[in-house]
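Novice:
Residue numbers (my numbering): 4 to 145.
(1) Would DSSP call residue 103 helix, strand or coil?
(2) Which one or two residues does DSSP pair with residue 93 in a beta bridge?
(3) Does the Cβ of residue 52 have 16 or more other Cβ atoms within 10 Å, making it buried, or fewer, making it exposed?
(4) Which of helix, strand or coil does DSSP assign to residue 124?
(5) According to DSSP, is residue 110 helix, strand or coil?
(6) Examine the Cβ distances between the segment 105-117 and the segment 74-94 and report whether three or more of them are shorter than 8 Å.
(7) Go ahead and label residue 88 buried or exposed: buried means 16 or more other beta carbons lie within 10 angstroms of its beta carbon, across all protein chains shown.
(8) Using the beta-carbon count (16 or more within 10 Å), is residue 126 buried or exposed?
(9) Considering only residues of the same chain and omitting the five flanking positions on each side of residue 71, which have a CB-CB separation below 7 Å?
(10) Could you give the DSSP three-state label for residue 129: helix, strand or coil?
(11) Once DSSP output is grouped into helix, strand and coil, what is the label at residue 98?
(12) Within the continuous alpha helix (DSSP H) that includes residue 140, where are the two ends?
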């Protein structure tokens with residue numbers, strides 16, 4: 004997912020994927036999102052709103068800041084512009100977290116991944132925790 008978003012910075016996306024700011028009344032907001040405007044204000048104050056698409060284009064800087072912020076919580080995950088152009092990798096390696104996800108998708112066992120890439124089971128577990136955190140944070144409150 005990261006590679007797709009980062010590499011597609013010049014792509015114009017169909018309207019279905021674009022973020023369009025619409026001024027809504029309170030009733031329209033509740034009908035569209037099931038939240039009242041007070042919830043929206045709360046989410047804004049918690050700085051949980053993450054916009055990856057703006058005016059039909061990928062907001063690369065926002066994605067990069069988001070991934071770096073989460074990576075700081077994980078000692079085993081590193082983001083360095085000098086390694087794979089800043090992709091999240093397992094610390095002190097050039098193994099991207101996305102590769103671990105791909106290995107699991109291909110039904111490799113933890114043991115096979117550890118042997119193939121010379122990493123530990125803990126590296127795999129922390130990589131998966133990082134992925135879960137990346138996917139979960141936009142939907143959490145407080």
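Glycine residues also receive a C-beta, built at the ideal position from the N, C-alpha and C atoms.
Specialist: According to the structure data:
(1) helix
(2) 80
(3) At residue 52 the pLDDT is 48, less than 50, meaning the model places this residue with poor confidence; the figure from the coordinates comes in the next sentence. Classification of residue 52: exposed, given that the 10 Å Cβ count is below 16.
(4) helix
(5) coil
(6) no
(7) exposed
(8) buried
(9) 82
(10) helix
(11) coil
(12) The continuous stretches of alpha helix (DSSP H) do not include residue 140, and DSSP gives it neither H nor E.
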